[in-house]
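Read the structure below first, then the notes.
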């Protein structure tokens with residue numbers, strides 16, 4: 012996947028806002044499809060933290076819901092954790108280099124990220 016014109020399908024519940032410097036250059040609303048990871052939870056155990064009991068629950072990620080099939084020239088925007096689970100898909104990307112407002116809330120990003128294969132030295 013090199014440069015060129017790509018379509019971006021936003022599979023998150025949030026608008027995708029891309030900044031170049033201080034300027035918004037892309038503002039893409041959600042597509043209406045949500046790509047989510049299922050999880051299986053074990054029974055909780057109790058751990059003591061500073062004299063209080065806290066439940067500790069082991070989870071295992073399961074299926075990914077509503078993941079479109081790959082299409083040439085189309086990138087799929089998902090959350091970072093979803094992208095990590097789908098690291099074998101080179102069309103799956105997530106917001107990277109977040110931009111925050113004065114209250115510390117994320118309002119956009121400066122790049123797209125994609126998890127690379129460690130065996131290839133971090134490149135695809």
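In the working numbering, the protein residues as written are 12 to 135. Cβ coordinates follow ideal geometry from the N, Cα and C atoms, glycine included.
- The shortest CA-to-CA distance from residue 58 to any of 51, 50, 31, 67 is the one to 67.
- DSSP links residue 59 through a beta bridge to 64.
- Straight-line measurement puts the Cα of residue 109 at about 25 Å from the Cα of residue 72.
- If you compare the alpha carbons of 52, 49, 78, 25 with that of residue 119, the shortest gap goes to 25.
- For residue 111, the enclosing beta strand (DSSP E) stretches over residues 103 to 111.
- Around residue 20, the same chain offers 42, 44, 79, 85, 86, 87, 88 as residues with beta carbons nearer than 8 Å, after the five sequence neighbours per side are excluded.
- About 7 Å separates the beta carbons of residue 103 and residue 125, which is inside the 8 Å limit, making them a contact pair.
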